[in-house]
Structure formats: C-alpha cells, structure tokens
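Student: Residue numbering for the sequence shown follows UniProt numbering, beginning at 1 and increasing consecutively. So that we are looking at the same thing, I have put the structure below in structure tokens.
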Amino acid sequence: MFGTTDPTLQQPDIDYTPNEEKWRARTERRLKTETLGTELPKGFPQKLSSPLAWDGQTLQGDSHKWTYKLGCGDLEEIDQALRHFQGLKRPMGYISPETFPLPNLHTKLREVSNELHNGSGFKVVRGLPVDKYTREENVIIYVGLSAHVAPMRARQGIAGSSQAVLSHVKDLSKTDEKEYIGIGTYTSELLSFHTDPGEIVSLLCLEPAAEGGASQLASSWHIYNHLASTRPDLIQTLAEDWPYDTFGAGRYSYKMRPVLHYQPATASTPERVIIYCGIPPLTEAQAEALDTLHFLAQRFQLRLDFRKGDVQYINNLSLLHAREAYTDSPEQQRHLIRLWLRDPQLAWEVPEPMKQTHSLLYDNADPNMQVFPLEPSVLTARPRGHKTPQPAKSVV
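Next up, the structure:
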C-alpha cells in the first residue's frame, strides 16, 4: 500500500473508530511479550509546563473562563460592520479587520487569539443572533469576526475552479452527495479524537443537533506529560517517521513524517509538542500508540455543548478534538460552518515535516479566488471529474 513497505507485513487489527477492548488487549499483550523502551527520544522533555497542559476535569465547571459572551454593544458593532462590508460591494475574499471594522470588539478578539496561542488553547465566543440574518450575512459576520482573531484563511478543498476556504459540517449521508463522502465530517457518526490540517480550527453553530453532537477537546500537552511518565516507548513510536498518503499532492503517493513533533525552545518561543493525527498504523506499536492517544484524550477531555450562535476557536497544534454521534430531526438538523485560520502575529513556527502541507493550505492566497459556499456540499482535495454534481450556491 505504501510502495516500499514489506508486503509480508499484515495491517494491525485496528478499527476506524477506536475499540477499547482491542486497545486494552493489545496493550496487555505488548507489555507481556515485548521489551519496551524506558527512555524518551533524545532531547524530549520529561514534562511540559504551560497553560496549554490541562486536564478537562479542572476546566469543565469554569465555562466563564473560556467563554466570551457578546454584549449589546458588540452586536451593534457587528451589525454596523456587516453593513459597511456590504456597502463596499467587494468579494468575500477581501474581508479583513479593515473592511469589517470592529473598533471596540477588536481588542477582545485579539485576546481570544492570545488565549489560543499562550493560554488554554481554546475559546468560545457566544451569542451571535444567527436567526436574525440570511445565510450569506451569517457567513460574512463569521468570516469578519474571525479575521480579527486570525486573518489568514486556509484552503479546504475544491469548489469549481476555485479554492473553498469555508466548509459546512453537516450530515449529507442521505443526500445526493453521499457517494463523495469519505470522512465522518459529513455524517452524524462519532468522530474520534483527531487534528485538522489548519493551525486554528473554528466552527460557527447555525443549528445544534436535536440530540447529541457535543464537541470534545483534550490537551495534547497533558497527554504527552502522562505518556512521558508512564509509557515513554509510545512517545518514541509517535516520534518516528510514519508513511502518510499525499492524496496526489506532489510526485509521490506517500511521504514519511512523525505523528508527534517536538520543538525545543528558542529565543522567541517556548518549547512545544505538536501531535498531527490522521496517519494509519502499520505496526502493532503504532496501532497501540494511536489508540492510546484517543483513550487518553477521552479520559482528559473537556466537553462543550454547542449552542446556536456559538463560535468555537481551538489551537489545532496543541489540542485534539472529537465529536459525539448525534441525531437530527425533521425540525432540527445540526449545521456548522468551519474555517481553518492562522494569525501571523502570534503563529508558532511551522515544524519542518509540516511545511509542505502548510504551504498548500496558506500560501499565495488570492482574495479573488477564495470561495465561501453558502450551502453544504462535500469538499474534495481534487476535482471530481465527470461525476461532479452542480456546485452549491457560493459567494466569492
């Protein structure tokens, strides 16, 4: 499957959705039958000390610390900014702090970015009156608010001949789009703990699910500290090169990179650990390491119930995120819209193994080519060819 991999090796028995029984059995078997390493990789710290290293149980009851509630003055300012941008009659790709001015709220939104990079790594902005506005107006407001938090928007997929920088998170498994669904984003199924490609992941809730669908966050740094003290061999496994699919980006069908990156401190930045999930396991050690990440994240998670009008921002380089399964009803169907963002003022240095992906996401952004689909459809990494359905309504 990966070209140079030994064809006699068998894929480990691991499910797409982590199976706790299999994980425990694999862990027990490896502890009994293998001589596992007791040292961390050279240069890796025994412990990371940072506000980014937290246990969800300590934060669960302190929602006031990680939520900013929009006040009447904020909402008036947002409405004025919307009208200002509409009056410019420019494509949405030109939304910026200058074209969507928020003279007073700007300071609060810059504090949100600081919290993402130097605090707990996440923040919820609560109280957008989404029912007051049209879909297009909600998109303008969401993109405008987010421009003050992190002004760079990443490409998320192909939309016609342009690059979509906004996507919809909705169950499309019962629509004509179902044949293009390759990931759980477009279903109502549970999403296990993972990371996205972007630096900052943001979601606006247009409508919560009738039941379920809670968002779950976990600190990668807290998980690292736990593994460093209990299973340093798994950190060694995660820090080794793994083959991952390039999905046609570049000359080769796969490349090698670690799941876990360690960046030593520099004169301007503290030391950091970045976990980049999404790479399939090829060995029993890799299978155990991936499942261990999930079940430790589950153990240390913070659970967030999405409310209509909530905007969630998370530092994708320091947190893992997941989603509970959910149920829609004819009257209430879960619908989120998503941005992948970057704040160049506070952004972390990009690890060398991630630079190619980072470049594909963020470099050479042309405001005239940015597309903001107004209706849900499955975004793909490459054109769909002759089977492409009519594109959903979108605004450039």
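Where is the CB? At the ideal position from N, CA and C, for every residue including glycine.
Return helix, strand or coil for Thr292, following the three-state DSSP convention.
Tutor: Helix, per DSSP.
Student: At what residues does the beta strand (DSSP E) containing Ser202 begin and finish?
Tutor: Where Ser202 is concerned, the enclosing beta strand (DSSP E) stretches over Ile200 to Glu207.
Student: Should the stretch 57 to 66 be regarded as contacting the stretch 25 to 43, the criterion being three or more beta carbon pairs within less than 8 Å?
Tutor: No, because fewer than three Cβ pairs between the stretch 57 to 66 and the stretch 25 to 43 fall closer than 8 Å, the two stretches do not touch.
Student: Would you mind reading off the limits of the alpha helix (DSSP H) that contains Phe85?
Tutor: It spans Cys72 to Leu88 - the alpha helix (DSSP H) in which Phe85 sits, taken as one unbroken run.
Student: When the distance is taken between beta carbons, is Asn225 closer than 7 Å to Leu48?
Tutor: Contact: yes.
Student: Ignore the nearest five residues each way along the sequence and tell me which others in Val259's own chain have a CB closer than 7 Å to its CB.
Tutor: Closer than 7 Å at the Cβ level, and outside the excluded window around Val259, lie Leu238, Trp242, Ile275, Tyr276, Cys277 and Ile279.
Student: In its own chain, which residues sit with a C-beta less than 7 Å from the C-beta of Thr269, not counting the 5 before and 5 after it?
Tutor: So the qualifying residues of the chain are Trp348 and Glu349.
Student: Looking at the strands, I want to know which residues DSSP matches up with Pro243.
Tutor: The partner list for Pro243 (beta bridge, DSSP) reads Met256.
Student: Can you tell me whether DSSP reads Gly61 as helix, strand or coil?
Tutor: Reduced to three states, the DSSP call for Gly61 is coil.
Student: Answer yes if the stretch 78 to 87 comes into contact with the stretch 98 to 114, meaning at least three C-beta pairs across the two stretches below 8 Å, and no otherwise.
Tutor: The stretch 98 to 114 vs the stretch 78 to 87: in contact.
Student: Determine the extent of the alpha helix (DSSP H) in which Trp221 is found, giving its start and end residues.
Tutor: Where Trp221 is concerned, the enclosing alpha helix (DSSP H) stretches over Ser220 to Thr230.
Student: Could you name the residues of the same chain whose beta carbon sits closer than 6 Å to that of His358, not counting the 5 residues immediately before and after it, in chain order?
Tutor: Val350, listed in sequence order.
Student: If you drop the 5 nearest sequence neighbours on each side, which residues of the same chain put their C-beta closer than 6 Å to that of Arg126?
Tutor: Contacts found: Thr67, Lys69 and Asp310.
Student: In this structure, how does DSSP classify Asn315 when only helix, strand and coil are distinguished?
Tutor: Strand at Asn315.
Student: Looking only at its chain, what residues have a beta carbon closer than 6 Å to the beta carbon of Gln216, apart from the 5 residues adjacent to it on each side?
Tutor: Closer than 6 Å at the Cβ level, and outside the excluded window around Gln216, lie Gln301, Arg303 and Ala322.
Student: On the three-state DSSP scale, how would you describe Gly212?
Tutor: Looking at Gly212 - three-state DSSP - the assignment turns out to be strand.
Student: Taking the C-alpha atoms as reference points, what is the distance between Tyr133 and Ile141?
Tutor: Whole-angstrom Cα-Cα distance: 9 Å.
Student: Could you check the C-alpha separation between Asp363 and Leu145 for me, to the nearest Å?
Tutor: Rounded to whole angstroms, Asp363 to Leu145 spans 22 Å at the Cα level.
Student: DSSP three-state label for Asp15, please.
Tutor: Here Asp15 sits in coil by DSSP.
Student: Expressed to the nearest angstrom, what Euclidean distance is found between the alpha-carbon atoms of Ala150 and Asp343?
Tutor: Rounded to the nearest angstrom, the two C-alpha atoms are 4 Å apart.
Student: If you draw a straight line from the C-alpha of Thr58 to the C-alpha of Gly87, how long is it?
Tutor: Spanning the two alpha carbons is a distance of roughly 46 Å.
Student: Return the CA-CA distance between Val360 and Gln370, expressed in angstroms with no decimal places.
Tutor: Per the sequence shown, the amino acid found at residue 360 is Leu instead of Val. For Leu360 and Gln370, the distance between alpha carbons rounds to 14 Å.
Student: Going straight from the alpha carbon of Ser219 to that of Asp196, what length do you get?
Tutor: If you take the alpha carbons of Ser219 and Asp196, they lie about 15 Å apart.
Student: Using DSSP with H/G/I as helix, E/B as strand and the rest coil, what is Tyr94?
Tutor: Tyr94 falls in the helix class under three-state DSSP.
Student: How long is the line joining the alpha carbons of Ser329 and Ala209, rounded to whole angstroms?
Tutor: Cα-Cα distance, rounded: 8 Å.
Student: With a Cβ-Cβ cutoff of 7 Å, do Ser113 and Leu346 count as a contact?
Tutor: The answer is yes: Cβ separation under 7 Å.
Student: If distances are taken between C-alpha atoms only, which option among Pro264, Arg26 and Lys355 comes closest to Met256?
Tutor: Looking at the Cα atoms, Lys355 is the closest of the given residues.
Student: Quick one: what does DSSP say Ala365 is sitting in, helix, strand or coil?
Tutor: Three-state DSSP puts Ala365 in coil, outside helix and strand.
Student: For Gln163 and Arg29, I'd like the C-alpha separation in whole angstroms.
Tutor: Answer to the nearest angstrom: the Cα atoms are 47 Å apart.
Student: Measure the Cβ-Cβ separation of Cys205 and Phe306 and say whether it is below 7 Å.
Tutor: Contact flag set, yes.
Student: Are Met152 and Phe372 closer than 7 Å when you measure CB to CB?
Tutor: No, they are not a contact pair.
Student: At which residues does the alpha helix (DSSP H) containing Lys108 begin and terminate?
Tutor: Where Lys108 is concerned, the enclosing alpha helix (DSSP H) stretches over Leu105 to Asn118.
Student: Please go through the same chain and pick out, in chain order, the residues whose beta-carbon is closer than 7 Å to the beta-carbon of Pro353, but skip the five residues on each side of it.
Tutor: Counting only Cβ-Cβ distances below 7 Å, and skipping sequence neighbours, we find Arg257, Pro258 and His261.
Student: Suppose the cutoff is 6 Å on Cβ atoms and the five residues either side in sequence are ignored; what does the same chain contact list for Ala185 look like?
Tutor: Looking at the sequence provided, one finds Thr at residue 185 rather than Ala. Cβ within range, chain order: Val169.
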